[in-house]
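A.B. asks:
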Amino acid sequence: MAQSPLIYIVAGAFLSYILYTRITLYLARRSFIKQNGCQPCTARFNKDPILGLDVLKIMNYNSKHHIMLRENLKRFEKLGNTFHNRIVTMPVIATREPENIKTVLSLKFKDYSFGNRTAAFTPLLGHGIFNADGERWANSRHLLRPNFARDQVADLEAFERHFKLMLKHIPRDGKTVDLQELFFMLTIDTATEFLFNHSTHTLRMHGQGDNEDVIFGRAFNFAQDDIGQRLRFGPLDRFRKNEKGEEAIRICHVYIGKFVDDALRFRKELDEEKRAGAGKEEKYFFIQEVAKQTTDKKRIRDELINILLAGRDTTASLLSNMFFEIAKRPDIYAKLRDEIATLDGRTPTYEELRSFKYLKWCLNESLRVHPVVPGNTRFAIRDTVLPLGGGPDGRHPLFVPKGTTVGYSPYAMHHRKDIYGPDADEYKPERWENLRPGWEYLPFNGGPRICLGQQYALTEASYVTVRLVQEFKEMESRDPGPWEESLTLTLSSLNGTKVGFTPA
Ligand code: HEM
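In structure tokens:
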């Protein structure tokens, strides 16, 4: 049967259109590359350039053997500070150049988004700050930022109450205790009190059976770990049977929903009292401040669960990694004790905490050697350029086509020997005497999306460290091996933080 000539005309027009758009894109890119002086990056990780399955296999092996970061560092040392990679169909540029990272996170912030990581985060986190881009993110940041002012983050009285509960679980007869386990309980207890005005009190309930708070704590841990699974399965995740994950998310949402209801009720009463001319004596509560700005129940719930996720494991991981290192170095512990001796056994004020220089060096150094967010990605939403990585020496600008993922590694950057010296892999607080790094040191991210909870985290970690050092005159490591990585959403110690204490 003869074909209608119309089909040929339509097909021809379609092909011409494709050809036209391809040629225009090619010409536009050629001129963009020339204008920016870009040169191609010759360093490439994949041997399989089509599907990049070799990389998947290697990553799988490294993840199983807890050597992801170590191997990634070796790769940078072999290939250079910026190289190309491909994970299945996803083109990736990996970098540990401070200038490139500054460009992605700050100078050309608007050229990037989170990309497809949001799909894995949305079931638990909804569209809160940690999982939003563009206008939505800007709104969230505007809503939440005032709540992180100094007065609000420095509730030392709350830290002391929870610290005392933690202390009850630390043997005073030198028996071994896993501090990491306790730090994770402490930080969920303090973060829930800070955010919901109701603590989970997992430290109080430890070993006492279940209640609603303990069930929430467990469900939150599960749902959070499940994000890692969702990320690994990617687009195939929708075919995974995951009843336990769905149930954990439901428990979290119902639990937090009740506190949101309370906060909205409080706002209603406040509005009524204000209308009646009466002023209520107001104590600051995070959830109530957010409820003063919006009555959207899901929005409040989403934002709070995002901050809980952003703030809880990070601070616990910092403490665990730091105490792992210090437990192996009695000289560092002794110096810390000397520094805080000025308190004469009193609990510290906020100003005193900030004045402890050696303590600050210990925290900085832990976040350098073991950054708790050791790697991150951004997705190019338009053609753009990185200042470094092009040419055989990697010193020329590099073209980044729209649709490329830029993976940046604070871990690999913090271990650069040309920046931190030949002993870059060692935990050495004293190096901070002369260090004043800029973008070479990035534990809290930089640019418009810099961590909102940095002061909160450092205040809590400093407080807990000072109080532990006051209570115990010596600490001994009970882990014969070196620190090993446990990489979930954050980086903590694979074997926990096993130590024994001698009371002061
Ligand atoms: C040692 C502790 C912490 C570290 C190392 C840390 C690190 C980071 C990093 C690297 C990011 C950027 C993530 C990204 O954009 O992909 C971030 C974002 C964030 N962090 Fe932290 N964080 C810590 C503690 C906290 C705490 C305690 C809170 C809250 C109580 C918090 C709240 C946030 C929030 C809300 C964001 C999102 C900011 C935005 O996207 O605008 N963080 N943090």
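Okay, so the sequence shown: first residue is 8 according to the working numbering, each after it adds one. Just so you know, even glycine gets a beta-carbon here, dropped at the ideal spot from N, CA and C. Since we're looking at a predicted model, the values are computed, not measured.
(1) Say yes only if the C-beta of Gly-460 is nearer than 7 angstroms to one or more non-hydrogen atoms of the ligand HEM, and no if none qualify.
(2) Helix or strand or just coil, what does DSSP make of Asp-432?
(3) Using DSSP bridges, identify the partner residues of Ser-206.
(4) Let me know the secondary structure DSSP gives Tyr-448 once reduced to three states.
(5) Using alpha carbons as the reference points, say which of Ile-426, Arg-443 and Thr-125 lies closest to Arg-237.
(6) For Arg-51, name the three-state secondary structure that DSSP assigns.
(7) Rounded to whole angstroms, what is the Cα-Cα separation between Leu-114 and Asp-320?
(8) Assuming Tyr-291 is part of the beta strand (DSSP E), what are its boundary residues?
(9) Going by C-alpha to C-alpha distance, which of Leu-32, Leu-496, Ser-11 and Asn-79 sits closest to Asp-390?
(10) Pull the bridge partners of Leu-496 from the DSSP assignment, please.
(11) Can you tell me whether Phe-201 is helix, strand or coil according to DSSP?
(12) Measure from the alpha carbon of Lys-85 to the alpha carbon of each residue in Tyr-434, Gly-460, Asp-400 and Val-471, then state which is nearest.
(13) Here's the rule I'm using: 16 or more other beta-carbon atoms within 10 Å means buried, otherwise exposed. How should Lys-505 be labelled?
(14) Quick check: the region 55 to 74 against the region 90 to 97, are there 3 or more CB pairs under 8 angstroms?
(15) Checking 8 angstroms against the spacing of the C-beta atoms, do Leu-5 and Ser-469 come in under that value?
(16) So, helix, strand or coil for Lys-117, using DSSP?
(17) Given Glu-467, which residues of its chain have a CB within under 8 angstroms of its CB, disregarding the five upstream and five downstream residues?
(18) Going by Cα to Cα distance, which pick from Val-471, Arg-247 and Val-267 is closest to Pro-534?
(19) Could you give the DSSP three-state label for Asp-73: helix, strand or coil?
(20) Suppose the cutoff is 6 angstroms on Cβ atoms and the five residues either side in sequence are ignored; what does the same chain contact list for Ala-270 look like?
(21) Taking contact to mean 3 or more Cβ pairs, one atom from each stretch, closer than 8 angstroms, check whether the region 320 to 339 and the region 492 to 500 are in contact.
(22) Which complete alpha helix (DSSP H) runs does the region 322 to 380 hold, if anything under 4 residues is left out?
(23) Since Ser-484 is in the alpha helix (DSSP H), which residue starts that stretch and which ends it?
(24) Quick check: is any heavy atom of the ligand HEM less than 7 angstroms from the C-beta of Thr-199?
(25) By Cβ distance below 8 angstroms, which residues in the same chain neighbour Met-590 in space, the five residues on each side in sequence not counted?
(26) By the 10 Å Cβ neighbour count, where 16 or more other Cβ atoms means buried, how is Ala-226 classified, buried or exposed?
(27) Count the C-beta pairs between the region 406 to 419 and the region 341 to 355 that are closer than 8 angstroms, then say yes if the count reaches three, no if not.
(28) For Ile-347, tell me which candidate among Met-482, Gln-477, Gly-141 and Phe-266 has the shortest Cα-Cα distance.
(29) Taking one C-beta from the region 198 to 210 and one from the region 239 to 255 each time, how about it: are there three or more such pairs within less than 8 angstroms?
(30) What separation, rounded to the nearest whole angstrom, lies between the Cα atoms of Ile-136 and Ala-464?
(31) Relative to the C-alpha of Asn-228, which candidate in Gly-214, Glu-254 and Lys-248 has its C-alpha closest?
(32) Taking C-beta to C-beta, are Tyr-4 and Pro-444 nearer than 8 angstroms?
(33) Examine the Cβ distances between the region 429 to 449 and the region 98 to 114 and report whether three or more of them are shorter than 8 angstroms.
(34) Distance, Cα to Cα, Ile-40 vs Gly-453?
(35) Closer than 7 angstroms: is that where the CB of Tyr-470 sits relative to any heavy atom of the ligand HEM?
(36) Beta strand (DSSP E) containing Arg-423: first to last residue?
C.D. replies: On the basis of the data shown:
(1) Gly-460 Cβ: within cutoff of the ligand HEM.
(2) Correct three-state label for Asp-432: coil.
(3) Paired residue(s): none; Ser-206 is not in a bridge.
(4) For Tyr-448, the secondary structure class from DSSP, reduced to helix, strand or coil, is coil.
(5) Out of Ile-426, Arg-443 and Thr-125, Thr-125 has the C-alpha closest to the C-alpha of Arg-237.
(6) In the structure shown, Arg-51 adopts extended strand secondary structure according to DSSP, grouped into three states.
(7) Distance from the CA of Leu-114 to the CA of Asp-320, rounded to the nearest whole angstrom, comes to 29 angstroms.
(8) According to the DSSP assignment, Tyr-291 belongs to no beta strand (DSSP E), since it is labelled neither H nor E.
(9) Looking at Leu-32, Leu-496, Ser-11 and Asn-79, the one whose alpha-carbon comes closest to that of Asp-390 is Leu-32.
(10) Beta-bridge pairing links Leu-496 to no other residue.
(11) Three-state DSSP puts Phe-201 in a helix.
(12) The shortest CA-to-CA distance from Lys-85 to any of Tyr-434, Gly-460, Asp-400 and Val-471 is the one to Asp-400.
(13) So Lys-505 ends up on the buried side.
(14) Taking 8 angstroms as the limit for Cβ pairs, the verdict is that the region 90 to 97 does touch the region 55 to 74.
(15) The question about residue 5 has no answer, for the chain in this structure spans 8 to 511.
(16) In the three-state scheme derived from DSSP, where H, G and I count as helix and E and B as strand, Lys-117 is classed as helix.
(17) Excluding residues up to 5 positions away in sequence, Phe-166, Thr-194, Thr-197 and Thr-322 lie with their Cβ nearer than 8 angstroms to the Cβ of Glu-467 in the same chain.
(18) Here the chain covers residues 8 to 511 and nothing more, so residue 534 does not appear.
(19) Strictly speaking, residue 73 in this sequence is His, with Asp absent from that position. Looking at His-73 - three-state DSSP - the assignment turns out to be coil, as it is neither helix nor strand.
(20) So the list reads Ile-294, Gln-295 and Ala-298, once near-sequence residues are dropped.
(21) Taking 8 angstroms as the limit for Cβ pairs, the verdict is that the region 492 to 500 does touch the region 320 to 339.
(22) DSSP runs (the alpha helix (DSSP H)) wholly in the region 322 to 380: 337 to 347, 357 to 362 and 364 to 376.
(23) Not the alpha helix (DSSP H): Ser-484 falls in the beta strand (DSSP E), residues 479 to 484.
(24) For Thr-199, the CB stays at least 7 angstroms from every heavy atom of the ligand HEM.
(25) This structure cannot settle anything about residue 590, because the visible part of the chain is limited to 8 through 511.
(26) Burial call: buried.
(27) At 8 angstroms Cβ cutoff, the stretches do not touch.
(28) The shortest Cα separation from Ile-347 among Met-482, Gln-477, Gly-141 and Phe-266 belongs to Gln-477.
(29) No, the region 198 to 210 is not in contact with the region 239 to 255.
(30) C-alpha of Ile-136 to C-alpha of Ala-464: approximately 18 angstroms in a straight line.
(31) Distance check between Asn-228 and each of Gly-214, Glu-254 and Lys-248 places Glu-254 closest, using alpha-carbon atoms only.
(32) Any property of residue 4 remains undetermined from this structure, which presents the chain solely from 8 to 511.
(33) Contact annotation: the region 429 to 449 touches the region 98 to 114, with at least three C-beta pairs closer than 8 angstroms.
(34) Taking the Cα positions, Ile-40 is about 27 angstroms away from Gly-453.
(35) Distance from the C-beta of Tyr-470 to the nearest heavy atom of the ligand HEM is not below 7 angstroms.
(36) Annotation for Arg-423: no beta strand (DSSP E) segment contains it, and DSSP assigns it neither H nor E.
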